[in-house]
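Keeping their order, the protein sequence lines are chains A and B. Reminder that position 87 of the first sequence reads as 87 in our numbering, one-by-one numbering, no gaps. Counting the second sequence from 1 gives a position; our numbering is that position plus 240.
There are 2 protein chains.
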Amino acid sequence: MSSRWQDEVLADVASGVRINDQHIVERIRQAVLMQRLPPNTRLPEVALGEIFGVSRSVVRKALTRLASDHVITQQPNQVARVSAPSVDETREIFAARRLVEGEVVALLAADAAPAWRTRLSELCDAEAEAHARGDEPQRIEHSLALHHTLAEHSPNRILGAMLSDLILRTSIVIALYKHAGLASCYLEGDHPRLRDALAAGDCEAARAAIHHHLDSLEALLDLRTKSSQIDLAAIFGQSA
Amino acid sequence: MSSRWQDEVLADVASGVRINDQHIVERIRQAVLMQRLPPNTRLPEVALGEIFGVSRSVVRKALTRLASDHVITQQPNQVARVSAPSVDETREIFAARRLVEGEVVALLAADAAPAWRTRLSELCDAEAEAHARGDEPQRIEHSLALHHTLAEHSPNRILGAMLSDLILRTSIVIALYKHAGLASCYLEGDHPRLRDALAAGDCEAARAAIHHHLDSLEALLDLRTKSSQIDLAAIFGQSA
DNA sequence: AAGGCTGACTTTGTATACAAATTGATGATG
DNA sequence: CATCATCAATTTGTATACAAAGTCAGCCTT
């Protein structure tokens with residue numbers, strides 16, 4: 001039978017005004033992805049409630065979900081903040097993403113349905129074009145959309161969801177550790193190579209392309225521990 | 241009907257243990273792991289609140305986190321239920337776990353620190369002994385503890401956390417799809433073989449052992465779609 | 001007898017009140 | 001001047017009230 005809430009949801013999408021916790025989660029995730037909310041940004045419940053026009057109940061639910069996904073960190077009686085992973089955790093995030101995204105593209109290469117192929121190609125070209133134009137924010141957006149497309153069309157949806165989370169966490173650590181002088185994180189040819197491997201249906205070439213891409217990206221970061229970044233809690237926390 | 245996990249919860253309340261949302265999450269996770277809360281079990285907020293001696297606010301926070309981890313499923317204005325993944329999702333969970341647990345044991349095999357080795361061996365023997373005794377619940381507990389040990393000691397903590405979640409989801413689908421006549425899911429020799437590969441530091445042998453173990457486990461399930469299990473939403477949902 | 005309507009009951013969604021903890025500034029004290 | 005106690009302002013933790021939606025049994029209609 002047709003359940004009523006589904007109809008309501010569709011109607012709300014059409015009118016576009018309904019705000020719920022899922023909406024807030026999505027907005028914050030997007031803001032973090034686009035690096036408009038840098039690591040350690042404070043996210044007080046009342047302020048968010050006023051911004052989105054809801055009470056703290058709804059905001060708290062959204063924050064709980066974001067904390068579950070490691071987008072923000074919460075400590076008892078303290079303001080929620082955008083996560084700021086340590087150097088060690090950063091390396092582990094990249095390693096996990098290599099594993100998961102590698103498997104996803106390998107599965108995609110073996111996928112017969114070509115629905116995502118044209119979109120992938122478009123985004124590849126759009127990213128190169130934005131880079132040529134020197135429009136870095138636009139390039140980042142296309143690049144993120146490309147990886148998001150991989151996650152969305154993953155034949156294994158569990159791995160797809162994991163990849164979505166890892167892409168977001170990667171975005172956070174890039175904002176944290178990107179070399180100061182670096183103008184762009186564009187890696188010439190990486191995405192086209194991936195596209196070609198997928199088009200050719202070559203699983204291992206696709207996996208290798210992603211591995212190389214993520215290795216290069218990680219290499220662009222400054223992961224030497226700076227004094228301001230040293231995690232005192234990790235050093236002294238256990239004995240406290 | 242008063243089931244056992246509820247009684248244990250009441251014991252906690254009596255002993256004055258401080259109850260917060262994390263505690264409730266842990267208790268429900270354990271109950272699901274031990275298959276004392278079967279798939280589709282209703283989890284009403286007020287009932288849980290009375291059992292744990294807290295208000296709905298705390299219960300709701302716990303349920304939100306459990307839903308984030310795919311332990312329960314929530315639909316608007318409806319009672320939360322223990323998840324009951326479809327057959328397709330079950331296959332994807334196993335595939336994801338093969339990938340993640342395979343990598344974790346490969347990393348562990350290369351790990352020099354032997355802190356976990358004795359514990360692993362103990363659990364291996366304890367499981368075999370419980371099986372020989374015909375004590376299936378005890379065997380399951382040791383088996384789960386073994387896999388949990390792998391996750392806990394994963395050199396890559398992101399992959400370790402992912403593995404913990406996947407172990408729980410695997411437990412759910414086993415409860416759902418286990419062959420009716422099957423007395424035990426014990427797979428003779430699988431865990432000892434893994435232990436030996438880890439002791440020898442052979443990454444690929446360890447990965448192969450886990451792959452074989454999970455393949456065998458999946459093969460024990462009855463994944464032919466039954467009429468009661470057909471997901472109508474997946475069939476008709478998109479056009480609505 | 002099958003199907004649909006109704007209305008009481010159950011359950012969740014949201015806002016809000018109050019308690020408890022953290023934070024930061026201010027002033028006292030050695 | 002440095003250090004520490006203290007207090008007000010901010011912020012989160014929890015409970016609760018009320019509104020809105022879902023559920024289901026029982027009756028009515030055809």
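Here a beta-carbon is modelled for each residue, glycine too, at the ideal position from N, C-alpha and C. Note that the coordinates shown come from a computational prediction; the quantities given were computed from them, not determined experimentally.
The continuous beta strand (DSSP E) containing alanine 320 of chain B extends over residues 320-322.
Assignment of threonine 41 of chain A by DSSP, reduced to helix, strand and coil, places it in the coil class.
The way I'd put it, the region 412-421 of chain B does touch the region 276-283 of chain B; three or more beta-carbon pairs between them come closer than 8 Å.
Assignment of threonine 330 of chain B by DSSP, reduced to helix, strand and coil, places it in the helix class. Contiguous alpha helix (DSSP H) elements confined to the region 420-467 of chain B occur at 430-439, 443-459, taking only those with 4 or more residues. For chain A, the residues of the region 310-335 of chain B that bring a beta carbon within less than 9 Å of one of its beta carbons are His310, Gln315, Pro316, Asn317, Gln318, Asp328, Glu329, Arg331, Glu332, Ile333, Ala335, in chain order. Closer than 7 Å at the C-beta level to chain B, one finds these residues of the region 156-186 of chain A: Asn156, Arg157, Ile158, Leu159, Met162. Two segments are said to touch when three or more pairs of C-beta atoms, one from each, lie closer than 8 Å; by this definition the region 110-117 of chain A does not touch the region 355-362 of chain B. Look at serine 308 of chain B: its C-beta is under 8 Å from a C-beta on chain A. By the criterion of a C-beta distance shorter than 8 Å, leucine 166 of chain A is surrounded in its chain by Ile93, Ala96, Arg97, Val100, Glu101, once the five residues flanking it on both sides are discounted. Of the residues assessed, isoleucine 51 of chain A falls on the exposed side of the cut-off, its CB having fewer than 16 other CB atoms within 10 angstroms. For proline 325 of chain B, the number of other beta carbons within 10 angstroms of its own is at least 16, and it is reported as buried. Among the residues facing chain B, glutamate 218 of chain A is not included, as its CB has no counterpart in that chain under 8 Å away. With contacts defined by Cβ atoms closer than 8 Å, aspartate 430 of chain B and histidine 393 of chain B do not form a contacting pair. With a 10 Å radius around the Cβ and a threshold of 16 neighbouring Cβ atoms, serine 456 of chain B comes out exposed. Ser57, Arg60: these are the residues of the region 31-60 of chain A whose beta carbon lies less than 9 Å from some beta carbon of chain B, given in chain order. Taking a C-beta cut-off of 9 Å against chain B, none of the residues of the region 205-216 of chain A qualify. For leucine 198 of chain A, the CB contacts under 8 Å within the same chain, skipping 5 residues up- and downstream, are Val105, Leu108, Ala109, Arg117, Leu120, Ala206 in chain order. At a beta-carbon threshold of 8 Å, none of the residues of chain A lie near leucine 390 of chain B; the nearest stands roughly 15 Å away. Contact of leucine 99 of chain A with chain B by beta-carbon distance below 8 Å involves Leu339, Val340, Glu343, Leu399. Non-local beta-carbon contacts of tyrosine 186 of chain A in its own chain, meaning distances under 7 Å to residues more than five positions away in sequence, involve His131, Arg139 in chain order.
Apart from sequence neighbours up to five positions away, the residues of its chain that approach serine 83 of chain A with a beta-carbon distance below 7 Å are Pro39, His70, Val71, Ile72, Thr73, Ile172, ordered along the chain. The beta-bridge partner set that DSSP reports for threonine 73 of chain A consists of A/Arg81. Shortest Cα-Cα distance from isoleucine 19 of chain A to any of A/Ala47, A/Val59, A/Glu89, A/Leu43 involves A/Val59. Between serine 143 of chain A and glutamate 129 of chain A, the alpha-carbon positions lie close to 12 Å from each other. The Cβ atoms of aspartate 21 of chain A and alanine 80 of chain A do not sit closer than 8 Å to each other. With distances taken between CA atoms, leucine 399 of chain B lies nearest to A/Thr90 out of A/Arg29, A/Thr90, A/Pro192.
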